[in-house]
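First up is the structure itself, then whatever we jot down about it.
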Amino acid sequence: MNGLPQDQLQRLQGVLEQRKLALLEQIGNEAAEADARASLLNEVEASPADNASVRTLNALVSEAAEHNLAQLTIIKHALARFADGSYGLCDNCGEAIGLSRLNARPEARLCIDCQTRLEKVRRSVP
Numbered sequence: 231m232n233g234l235p236q237d238q239l240q241r242l243q244g245v246l247e248q249r250k251l252a253l254l255e256q257i258g259n260e261a262a263e264a265d266a267r268a269s270l271l272n273e274v275e276a277s278p279a280d281n282a283s284v285r286t287l288n289a290l291v292s293e294a295a296e297h298n299l300a301q302l303t304i305i306k307h308a309l310a311r312f313a314d315g316s317y318g319l320c321d322n323c324g325e326a327i328g329l330s331r332l333n334a335r336p337e338a339r340l341c342i343d344c345q346t347r348l349e350k351v352r353r354s355v356p
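With the working numbering, letter number 107 in the sequence shown gets 337, and the count goes up by one each step, no holes.
Structure below.
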């Protein structure tokens, strides 16, 4: 571990568990809403403009669902790091991730220095 007190680790783990549960609930609700929209759409004849609007809405909902699934994967990975003792250590340099960064982003995999370098590289690539 990164030397954080046990109470801080438990709090951060609790935050991640709450986020995981909220995402699972949201993903379940989105799936139910998508099923309801699909069955409703099958019952109603729509104009081409309505069909285009529905396709756009479905694309946005799908994008949001993909984002939620990606976030869920990130959170599950962070929770797994508690089990193997690597939570709070930077994936890149192995140094401890600061408590202020973990408080802001408990799922953080990189320390602030490595994250900053990564973002600079991403900005410089066209």
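Cβ atoms here follow ideal geometry from the backbone N, Cα and C, with glycine treated the same way.
Computed from a predicted structure; not experimentally measured.
Are the stretch 303-312 and the stretch 322-333 touching, with three or more C-beta to C-beta distances below 8 Å? In this structure the stretch 303-312 does not touch the stretch 322-333; the number of beta carbon pairs closer than 8 Å is below three.
Which residues in the same chain have their Cβ closer than 6 Å to the Cβ of residue 243, if we skip the five residues on either side of it in sequence? Along the sequence shown, one-based indexing puts residue 243 at 13. For residue 243, where only same-chain residues beyond five positions count, the Cβ hits under 6 Å are 312.
Which whole-angstrom value describes the C-beta separation of residue 318 and residue 234, a residue pair presumed to lie in contact below a C-beta threshold of 8 Å? As a position in the sequence shown, residue 318 is number 88, starting the count at 1. As a position in the sequence shown, residue 234 is number 4, starting the count at 1. Under the criterion of beta carbons closer than 8 Å, residue 318 and residue 234 qualify as touching, at roughly 6 Å.
With burial defined as no fewer than 16 other Cβ atoms inside 10 Å of the residue's Cβ, what is the status of residue 338: buried or exposed? Position 108 of the sequence shown, counted from the start, is the residue given in the question as residue 338. Its Cβ being crowded by 16 or more others within 10 Å, residue 338 is buried.
Nearest to residue 232 by alpha carbon, out of 329, 335, 334, 343? Along the sequence shown, read from residue 1 onward, the residue named residue 232 stands at position 2. Residue nearest to residue 232 within the set 329, 335, 334, 343 is 329 (criterion: CA-CA distance).
Let me make sure I understand the geometry here. Which of 309, 282, 259, 310 has the alpha-carbon closest to that of residue 294? The sequence position of residue 294 within the sequence shown is 64, counting from 1. Among 309, 282, 259, 310, the Cα nearest to that of residue 294 is on 259.
Mapping the DSSP letters down to three states, classify residue 338 as helix, strand or coil. Residue numbering aside, residue 338 sits at position 108 when the sequence shown is read from its first letter. Note: residue 338 maps to coil in three-state DSSP.
List the whole-angstrom C-beta distance separating residue 246 from residue 336, where the pair is believed to meet the contact cut-off of C-beta under 8 Å. Within the sequence shown, residue 246 is the residue found at index 16, counting from 1. Within the sequence shown, residue 336 is the residue found at index 106, counting from 1. Rounded, the Cβ-Cβ distance is 5 Å, consistent with contact.
Buried or exposed for residue 308, please, with buried defined as at least 16 other CB atoms from any protein chain shown within 10 angstroms of its CB. Position 78 of the sequence shown holds residue 308. The residue in question, residue 308, is buried, as its Cβ has 16 or more Cβ neighbours within 10 Å.
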